[in-house]
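Notes for the one structure printed next.
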Amino acid sequence: MDSGNQSVVSEFVLLGLCHSWDIQVLLFVIFLMLYLVIVSGNTVILILIISDPHLHSPMYFFLANLSFVDMWLSSVTTPKMITDFLHENKTISFGGCMCQILFVHFIAGSEMVLLVAMAYDRYVAICKPLHYSTFMNLKRCIGLVLTSWTAGFVHGMSQMVVIMQLPFCGPREMDSFFCDVPLIIKLACMESSDLGTLMNADSGIVIVTCFILLLISYTYILLTVRQSSKTGASKALSTCTAHI
């Protein structure tokens, strides 16, 4: 399309989950309660782990980081969605939309890699218990967490940078409650099918890679547990409960 017909988009319109005022009020109450439960629950976990010296171990170090990530992942889109339930005009600025894309993919990517790090921690604890204190020292734990944040940031930036380069000149309505990458691509003034496939492949590679690594870790764990006594197997698997 001729660039002369393109205009700068300052905001997008979010159509939300429904159009009925009564249902929106009900959804406001439900999602507000769920959000408060998630934030307060993760906050309690963080406080308990930080304040109790007995919980200063690699397993709980990763659990604390997972709670922190989960709390912020919920906070990227949920507050905006909740407040929009009470507003007739549901809009989000272009900058706000780009921030949502960045942080959703940044934090979600970090969480997936962090889950793999937690699986590795359980693998070492159960399959190589004599080397656990050597392998999972504080330096390595911090390194794994930083790796998860770095991987998530790279993934988030790759999504946002591509979207920022797209030309927008037509419709600006999204049938969603947050800035979803596939829906934004459809609003671009260009042939977007190939780009949509590429962006989905980027996210798919991250998801599939993390899932395969999780399967490998838990396959080794289950094979090791099968060789243990019933009591030992039960105790070993109980340490994986928080991660699962």
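With the UniProt record's numbering, letter number 71 in the sequence shown gets 71, and the count goes up by one each step, no holes.
Virtual Cβ for every residue (Gly too), placed ideally from N, Cα, C.
All figures in this text were calculated on a predicted structure; none of them were measured in a lab.
Q: List the endpoints of the continuous beta strand (DSSP E) containing Ser93.
A: The sequence position of residue 93 within the sequence shown is 93, counting from 1. Counting along the chain, the beta strand (DSSP E) containing Ser93 begins and ends at 91-93.
Q: Establish whether the CB of Leu214 and some CB of chain C are separated by less than 9 Å.
A: The structure shown has no chain C; it contains just one protein chain.
**Q.** Inter-residue CB distance, Gly16 and Lys90 (contact presumed, cutoff 8 Å)
**A.** Sequence index remark: in the sequence shown, residue 16 carries index 16 (1-based). Sequence index remark: in the sequence shown, residue 90 carries index 90 (1-based). Indeed, because the Cβ distance is near 5 Å, the residues count as touching under 8 Å.
(Q) Ala151 and Val208 - do their beta-carbons sit closer together than 9 Å? (A) Reading the sequence shown from its first residue, position 208 is the one you call residue 208. Reading the sequence shown from its first residue, position 151 is the one you call residue 151. Going by C-beta atoms, Val208 is not nearer than 9 Å to Ala151.
**Q.** Option in Cys141, Val145, Leu14 with minimal Cα separation from Glu88
**A.** Position 88 of the sequence shown, counting from 1, holds the residue named residue 88. With distances taken between Cα atoms, Glu88 lies closest to Leu14.
**Q.** Proximal residues to Ala119 (C-beta, below 6 Å), its chain only, five neighbours per side dropped
**A.** For this step, residue 119 is matched to residue 119 along the sequence shown. Around Ala119: Leu214, Ser217.
Q) Which runs of the alpha helix (DSSP H), 4 residues or longer, sit entirely within the region 119-170? A) 132-135, 138-164
Q. Looking at Gly156 and Leu102, is the spacing between their C-beta atoms short of 9 Å?
A. Looking up residue 102 in the sequence shown gives position 102. Looking up residue 156 in the sequence shown gives position 156. The answer is yes: Cβ separation under 9 Å.
**Q.** Backbone secondary structure at Phe12 - three-state DSSP
**A.** Position 12 of the sequence shown holds residue 12. If DSSP states are grouped into helix, strand and coil, Phe12 belongs with the strands.
(Q) Suppose you measure from the CA of Lys186 to the CA of Asp22; what does that come to, to the nearest Å? (A) Along the sequence shown, one-based indexing puts residue 186 at 186. Along the sequence shown, one-based indexing puts residue 22 at 22. For Lys186 and Asp22, the distance between alpha carbons rounds to 31 Å.
Q) Going by Cα to Cα distance, which pick from Asp84, Ala125, Tyr60 is closest to Leu26? A) Along the sequence shown, one-based indexing puts residue 26 at 26. Ranking the options by Cα distance to Leu26, first place goes to Asp84.
Q: Please go through the region 181-219 and give each complete alpha helix (DSSP H) segment of 4 or more residues, from N-terminal end onward.
A: 181-186
Q: Leaving aside the five residues before and after Ser110 along the sequence, list all residues of the same chain whose C-beta is less than 8 Å from its C-beta, in chain order.
A: Your numbering for residue 110 matches position 110 in the sequence shown. The residues are Val69, Ser148, Trp149, Ala151, Gly152, Phe153.
Q.
Using 9 Å as the threshold, is the C-beta distance between Leu115 and Leu144 below it?
A. For the purposes of this step, residue 115 is identified with residue 115 of the sequence shown, where counting begins at 1. For the purposes of this step, residue 144 is identified with residue 144 of the sequence shown, where counting begins at 1. No.
Q) In chain order, what residues of the same chain have a beta carbon less than 8 Å from the beta carbon of Ala108, not counting five sequence neighbours either side? A) Residue 108 sits at position 108 when you count from the first residue of the sequence shown. These residues qualify, in order along the chain: Leu73, Gly152.
Q | Close beta carbons around Phe135, own chain, < 8 Å, minus the five adjacent residues each side | A | Stepping through the sequence shown from its first residue, residue 135 is reached at position 135. Answer for Phe135: Val124, Lys128, listed in chain order.
Q: Helix, strand or coil for Glu88, going by three-state DSSP, please let me know.
A: By 1-based counting over the sequence shown, the position of residue 88 is 88. Looking at Glu88 - three-state DSSP - the assignment turns out to be coil, as it is neither helix nor strand.
**Q.** Leu55, enclosing alpha helix (DSSP H) - first and last residue
**A.** Your numbering for residue 55 matches position 55 in the sequence shown. Careful: Leu55 lies outside any alpha helix (DSSP H) and carries neither H nor E.
Q.
For the ligand MN, I want to know if Gly143 counts as a neighbour, meaning its beta carbon is within less than 8 Å of at least one of the ligand's heavy atoms.
A. The ligand content of the structure shown is nil, which means the ligand MN is not present either.
(Q) Using DSSP's beta-bridge definition, name the partner residues of Glu173. (A) For this step, residue 173 is matched to residue 173 along the sequence shown. Paired residues: Val13.
Q) Applying the criterion that 16 or more other CB atoms from any shown protein chain within 10 Å of the CB defines a buried residue, is Gln100 buried or exposed? A) For the purposes of this step, residue 100 is taken as the residue at position 100 of the sequence shown. Under this definition Gln100 is a buried residue.
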